[in-house]
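J.: If you're matching them up, the sequences are chains L and H in order.
The end of the first sequence is residue 310 by this note's numbering, with every number in the run present.
The end of the second sequence is residue 1558 by this note's numbering, with every number in the run present.
Note that the Cβ used here is the ideal one computed from N, Cα and C, for glycine as well.
All figures in this text were calculated on a predicted structure; none of them were measured in a lab.
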Amino acid sequence: MKKALKLVVLILVLSFIVDKVVYYSLNKLSDKVLSGQAIGKLNQYLFQKDDLNVIAYGTSRANHHIDVSLLDTSSFNMGMDGSSLAYSSTLIKLLPKNKKQTVIWHIDPKKVFDSNYDGEDIKGLVSKYHRNDIIQSEINKVKQNNPLQLFYWSIDYNGKAFGILKNLIRPNYDFKTYNGYDPINVSQTQKEIFESTLEKKDAVECPEDINASFLAKEYIKSVKLFCEQNNKTLVMLTSPTYNPICKEQYLKLEQMLKKLNINYYNYSEFFISNNSLNYWKDKTHLSTKGASLFSEALKTLFTEKGII
Amino acid sequence: MLFNSIEYLIFLPLVFIIYWALNGDLKKQNILLLLSSYVFYAWWDWRFLSLIVYSSLIDYIAGQRIEQAKNQKVRKRWLLLSLISNLGLLAIFKYYNFFADSFAGAMSTLGWQVDDLTLNIILPVGISFYTFQTLSYTLDIYRKDFKATKDWVSFFTYVSFFPQLVAGPIERASNLLPQVESKRSFSQKWFNDGVFQISIGLFRKIVIADNLAIYVDSVYANPEIHNSSTLLLATVFYAFQIYFDFSGYSDIAIGSAKLLGFKFNQNFNFPYFSKSITEFWRRWHISLSSWLKDYLYISLGGNRKGIKITYRNLMLTMLLGGLWHGSSWNFVIWGAIHGIALSSEKYIFSWKKINSFGFLGTIYTFLIVLLSWVFFRAQDFGTATAIIKEIFSFNFIAPYVGNLNTLVTGLMMLILGLLFDVYVFRKKTPLEEVGGNMSFYKLGVSVSIIIILTILFYSTSNNFIYFQF
């Protein structure tokens, strides 16, 4: 039995040491990475956020739809695949205090009214868990931390090691000319796939009971408060959708944000009267052409309203 | 409770410490195992514990009555009670909706409309496994191959022993019950075996299988939009996903049992190195295939009643084996493919007087298995045939990549897993004994490396595939 205990201690000690060596090595390597979605884009944002004037946040729809270069020369699109309210709100809270900045937050009603929303998307920031107190506390707040993370810090880099190495050796793009906006050039295959999905009739059931999730509401309120206290102009918007359904949700979101005194613009039906397959990659993502038309419209609106 | 959960990471060491602290008091150790097994199961849904207790009670009594009975009629009656009780539960919980649905479908093709007969039934986790396990007990006693136990704690512990309760291996009473009933002593070699096998099992499941699952799930969710190369790649990935998922589960089960002084039989023995389907079934889910062979195939007459009856028995065994996996025609077809392949091999082997196809056999076996996995994985028969049709349209253009990082991680980990398999296969040491043969430091270093690799590359845990059966 003594030998078994010794073996367990040996495994714990060895794995703890190896873990720390791996963790600090990956820290060093990842700091040099400025391309790629999971690490590079986040690094670039953290390096540049204090000097930016306009920043867009939100899901992949924000990432692919908002051409921030049309809004300001010093701008960045921090929209990210798979991210949602928790991820975006945490990043907003990292902005510098008292610097005048415009925060454009892309929001979709589906997440706001999802009663099961648990802030899981904040895991996208886990690579900075042991390096940024705000990120750590936001992750802990929604209990999205892994208990093993207290012992094994390399968990911060779970699933990211190959991406870091790849982007270190061969960056996807030159970060100096990258502003976070990723337009989608639709290939012929993607076009065919989209056409075939349109032929399928999805039976979508809209929920009858539309109530904002507690967590979603908290995130929106906390961002509003942060912006008010730190000289930021907050604008929330929903970008176009090929065929907006469950319109009640959009209406309810509009009412909710109005009540909170937040500027909100619903563009979900932007292309409805003048639609074309060329504007889309799929039902929720615009093509470069569609995104360009939408971004132009945003620019006009923001100029008219004196936001930019 | 899932093996790949934080709860199990606390549960197993806790049981381990208390168990060995009881200092060899067999009665107390068995009570601890029984209670902890019930806690393990109740973590999922405590209400279904009643089914395990019911099954255990019926077979405990039936086993004794069969043994005590003076005439064959009474013995048969008690065996029938055991069979009807256990298979009845399985029929209600697992197959009722399937048969009700199939009946309604058959009626509607004849022009008669039948009201919806399906019920909202939850499938209790592990029911197929523990049903087969307890049945082996009464069947063995009926065949006079095994003596009934008079210790109910031992018997109930045997049925519910947590490492194998929800997804096997299906341990026969003849192997496990004597171990439950006899004093166990701590073995350092078994401890080392167990620690190594658990860490390998976790790696196989949450690193290899779960990373491959991301690609497979995304392709199989919308197969109609993918080309031949994508569907073929997803099916190949699925073949390895299910292998590493289930063998990983078995590794953790066997390793956990070893820590507590129990030796389970091997459940997987590098099945994709098989040179024929016959050999594949000697290496894949061994505890199920040997159960089906001993209690179904041989009971039907095996190969003792002529060549035609042998083929019939093979087909029936494989069809029922398919149905055991799930209440869907796809599983029946999966079983049928294997049944046809086994029957064909039997015919060719006896005609050509050979017992393997050599190296080409490995490729042929993998292709047949691959084809059958399409039915196993696809949502329904229509989807499966559409996938096969698309693969055979040879539209082999660039495959869908999805998230490149996930795909690369899945591929790299798969290669690592396969290299490890080749290494152990060539060494001719069963995986179950690798840890015990390592030196103290080599084992410590190996397990530490596996832990770090797991931490760096694990994917968010999906349920073990075999839980649904």
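Please decide whether residue 1497 of chain H counts as near chain L, where near means a Cβ-Cβ distance under 8 Å.
T.: Here residue 1497 of chain H refers to the residue found at position 408 when the second sequence is read from its first residue. Chain L contact via Cβ: present.
J.: To be precise: take each residue of the segment 12 to 23 of chain L, compare its Cβ to all Cβ atoms of chain H, and keep it if any distance is under 7 Å. Which residues remain?
T.: From the segment 12 to 23 of chain L, only 12, 13, 16, 17, 20, 21 have a Cβ closer than 7 Å to chain H.
J.: Give me the subset of the segment 1265 to 1297 of chain H whose CB atoms are less than 8 Å from a CB atom of chain L, sorted by chain position.
T.: Within the segment 1265 to 1297 of chain H, the qualifying residues are 1275, 1277, 1280, 1281, 1284.
J.: With which residues is residue 58 of chain L paired in a DSSP beta bridge?
T.: Locating residue 58 of chain L in the first sequence gives position 56, where the first residue counts as 1. Partner(s): L/79, L/106.
J.: Please classify residue 229 of chain L as buried or exposed, where buried requires at least 16 neighbouring CB atoms within 10 angstroms.
T.: Numbered from 1 along the first sequence, position 227 holds the residue referred to as residue 229 of chain L. With 16 or more other Cβ atoms within 10 Å, it is buried.
J.: Say whether chain L places a C-beta atom closer than 8 Å to the C-beta of residue 1545 of chain H.
T.: Taking the first residue of the second sequence as position 1, residue 1545 of chain H is located at position 456. It does; some Cβ of chain L falls within 8 Å.
J.: Check whether chain L comes within 8 Å of residue 1196 of chain H, counting only Cβ atoms and requiring the distance to be less than that.
T.: As a working note, residue 1196 of chain H is residue 107 in the second sequence. Chain L, which has no Cβ nearer than 8 Å to the Cβ of residue 1196 of chain H, makes this no.
J.: Could you check where the beta strand (DSSP E) with residue 238 of chain L kicks off and where it finishes?
T.: The count along the first sequence starts at 1 and reaches residue 238 of chain L at position 236. 234 to 240 is the extent of the beta strand (DSSP E) around residue 238 of chain L.
J.: Can you name the residues of chain L whose CB is closer than 8 Å to the CB of residue 1090 of chain H?
T.: By one-based count along the second sequence, residue 1090 of chain H stands at place 1. Correct list: empty, because the minimum Cβ distance to chain L is about 16 Å.
J.: Rounded to the nearest angstrom, what separates residue 1305 of chain H and residue 1239 of chain H at their Cα positions?
T.: Against the second sequence, residue 1305 of chain H aligns to sequence position 216. Against the second sequence, residue 1239 of chain H aligns to sequence position 150. Distance between the alpha carbons of residue 1305 of chain H and residue 1239 of chain H: 49 Å.
J.: Just how far apart, CA to CA, sit residue 1053 of chain H and residue 55 of chain L?
T.: Absent from the structure is residue 1053 of chain H, since the part of chain H shown begins at 1090 and ends at 1558.
J.: Taking just the CA atoms, how far does residue 182 of chain L sit from residue 52 of chain L?
T.: Looking up residue 52 of chain L in the first sequence gives position 50. Looking up residue 182 of chain L in the first sequence gives position 180. Rounded to whole angstroms, residue 52 of chain L to residue 182 of chain L spans 16 Å at the Cα level.
J.: Could you name the residues of the same chain whose beta carbon sits closer than 7 Å to that of residue 1248 of chain H, not counting the 5 residues immediately before and after it, in chain order?
T.: Translated into positions along the second sequence, residue 1248 of chain H becomes position 159. Hits under 7 Å: 1141, 1144, 1145, 1219, 1222, 1223.
J.: Using 8 Å for Cβ pairs, my map puts residue 1534 of chain H next to residue 16 of chain L. What's the rounded Cβ distance?
T.: For the purposes of this step, residue 1534 of chain H is taken as the residue at position 445 of the second sequence. For the purposes of this step, residue 16 of chain L is taken as the residue at position 14 of the first sequence. Confirmed, Cβ separation roughly 6 Å.
J.: Which residues in the same chain as residue 1392 of chain H place their Cβ atom closer than 6 Å to its Cβ, once the five residues preceding and following it in sequence are excluded?
T.: One-based indexing of the second sequence puts residue 1392 of chain H at position 303. Taken in chain order, the residues that qualify are 1399.
J.: If residue 97 of chain L and residue 234 of chain L are in contact, beta carbons under 8 Å, what's the gap, nearest whole angstrom?
T.: On the first sequence, position 95 is the one that residue 97 of chain L refers to. On the first sequence, position 232 is the one that residue 234 of chain L refers to. Right, the Cβ-Cβ distance comes to about 7 Å (below 8 Å), so this counts as a contact.
J.: Report yes if the CB atom of residue 40 of chain L is closer than 8 Å to the CB atom of residue 165 of chain L, and no otherwise.
T.: In the first sequence, the residue the question calls residue 40 of chain L occupies position 38. In the first sequence, the residue the question calls residue 165 of chain L occupies position 163. The answer is yes: Cβ separation under 8 Å.
J.: For the beta strand (DSSP E) holding residue 1186 of chain H, just list the boundary residues, first then last.
T.: Taking the first residue of the second sequence as position 1, residue 1186 of chain H is located at position 97. No beta strand (DSSP E) contains residue 1186 of chain H, which is instead part of the alpha helix (DSSP H) from 1185 to 1198.
J.: Confirm, please, whether the CB-CB distance from residue 131 of chain L to residue 141 of chain L is below 8 Å.
T.: Start at 1 with the first residue of the first sequence, and residue 141 of chain L comes out as number 139. Start at 1 with the first residue of the first sequence, and residue 131 of chain L comes out as number 129. Yes, these two residues count as a Cβ contact at 8 Å.
J.: Can you tell me the Cα-Cα spacing of residue 9 of chain L and residue 1212 of chain H, whole angstroms?
T.: Within the first sequence, residue 9 of chain L is the residue found at index 7, counting from 1. Within the second sequence, residue 1212 of chain H is the residue found at index 123, counting from 1. If I take the Cα positions, the gap works out to 40 Å.
J.: Can you check whether the CB of residue 108 of chain L is closer than 8 Å to the CB of residue 161 of chain L?
T.: Counted from its first residue, the first sequence places residue 161 of chain L at position 159. Counted from its first residue, the first sequence places residue 108 of chain L at position 106. Cβ distance not < 8 Å, so residue 161 of chain L and residue 108 of chain L don't count as in contact.
J.: Can you tell me the Cβ-Cβ gap for residue 1297 of chain H and residue 1503 of chain H, rounded? I've got them flagged as a contact below 8 Å.
T.: Taking the second sequence and counting its residues from 1, one reaches residue 1297 of chain H at position 208. Taking the second sequence and counting its residues from 1, one reaches residue 1503 of chain H at position 414. Contact flag correct, Cβ pair sits at about 6 Å.
J.: Going along the chain, which residues of its own chain have a beta-carbon closer than 7 Å to the beta-carbon of residue 226 of chain L, five neighbours each way excluded?
T.: Here residue 226 of chain L is taken as the residue at index 224 of the first sequence, counted from 1. Result list for residue 226 of chain L: 236, 262, 264, in chain order.
J.: Enumerate in chain order the residues of its own chain whose CB-to-CB distance from residue 1317 of chain H is below 7 Å, with the five nearest sequence positions on each side excluded.
T.: Taking the second sequence and counting its residues from 1, the one referred to as residue 1317 of chain H is at position 228. 1479, 1480, 1482, 1483, 1484, 1485, listed in sequence order.
J.: For residue 1109 of chain H and residue 1346 of chain H, what's the separation of their Cα atoms in angstroms?
T.: Against the second sequence, residue 1109 of chain H aligns to sequence position 20. Against the second sequence, residue 1346 of chain H aligns to sequence position 257. Distance between the alpha carbons of residue 1109 of chain H and residue 1346 of chain H: 13 Å.
J.: Excluding the five sequence neighbours on either side, which residues of its own chain have a C-beta within less than 7 Å of the C-beta of residue 175 of chain L, listed in chain order?
T.: Counting from one through the first sequence, the residue named residue 175 of chain L turns up at place 173. Closer than 7 Å at Cβ, skipping near neighbours: 37.
J.: How would you write the range of the alpha helix (DSSP H) that residue 1402 of chain H sits in, first residue to last?
T.: Numbered from its first residue, the second sequence carries residue 1402 of chain H at position 313. 1396 to 1414 is the span of the alpha helix (DSSP H), which, as asked, contains residue 1402 of chain H.
J.: Within a Cβ cutoff of 6 Å, which residues of the same chain sit near residue 1149 of chain H, ignoring the five residues on either side of it in sequence?
T.: Walking along the second sequence from the start, residue 1149 of chain H turns up at place 60. The answer, listed in chain order, is 1241, 1244.
J.: If you draw a straight line from the alpha carbon of residue 1210 of chain H to that of residue 1182 of chain H, how long is it in whole angstroms?
T.: Residue mapping note: residue 1210 of chain H aligns to position 121 of the second sequence, counting from 1. Residue mapping note: residue 1182 of chain H aligns to position 93 of the second sequence, counting from 1. Cα to Cα, the separation comes out at about 6 Å.
J.: What residues of chain H sit near residue 156 of chain L, judged by a beta carbon separation below 8 Å?
T.: Residue numbering aside, residue 156 of chain L sits at position 154 when the first sequence is read from its first letter. Result: 1541, 1544, 1545.
J.: Can you find a C-beta in chain H that's less than 8 Å from the C-beta of residue 195 of chain L?
T.: In the first sequence, counting from the first residue as 1, residue 195 of chain L sits at position 193. Taking Cβ atoms only, chain H reaches closer than 8 Å to residue 195 of chain L, which makes this a yes.
J.: Answer with yes or no whether the minimum CB distance from residue 1343 of chain H to chain L is below 8 Å.
T.: For this step, residue 1343 of chain H is matched to residue 254 along the second sequence. For residue 1343 of chain H, the answer is no, since every Cβ of chain L falls outside 8 Å of its Cβ.
J.: Helix, strand or coil: which one does DSSP assign to residue 282 of chain L?
T.: Position 280 of the first sequence, counted from the first residue, corresponds to residue 282 of chain L. If DSSP states are grouped into helix, strand and coil, residue 282 of chain L belongs with the strands.
J.: List, in chain order, every chain H residue whose beta-carbon is nearer than 9 Å to that of residue 165 of chain L.
T.: Counted from its first residue, the first sequence places residue 165 of chain L at position 163. In chain order: 1493, 1494, 1497, 1498.
J.: Let me check understanding here. Comparing Cα to Cα, which of L/158, L/111, L/135 lies closest to residue 126 of chain L?
T.: Within the first sequence, numbered from 1, the residue matching residue 126 of chain L stands at position 124. Among L/158, L/111, L/135, the Cα nearest to that of residue 126 of chain L belongs to L/158.
J.: For residue 1109 of chain H, return the contacting residues in chain L, with the cut-off set at a CB-CB distance below 8 Å.
T.: For this step, residue 1109 of chain H is matched to residue 20 along the second sequence. Correct list: 3.
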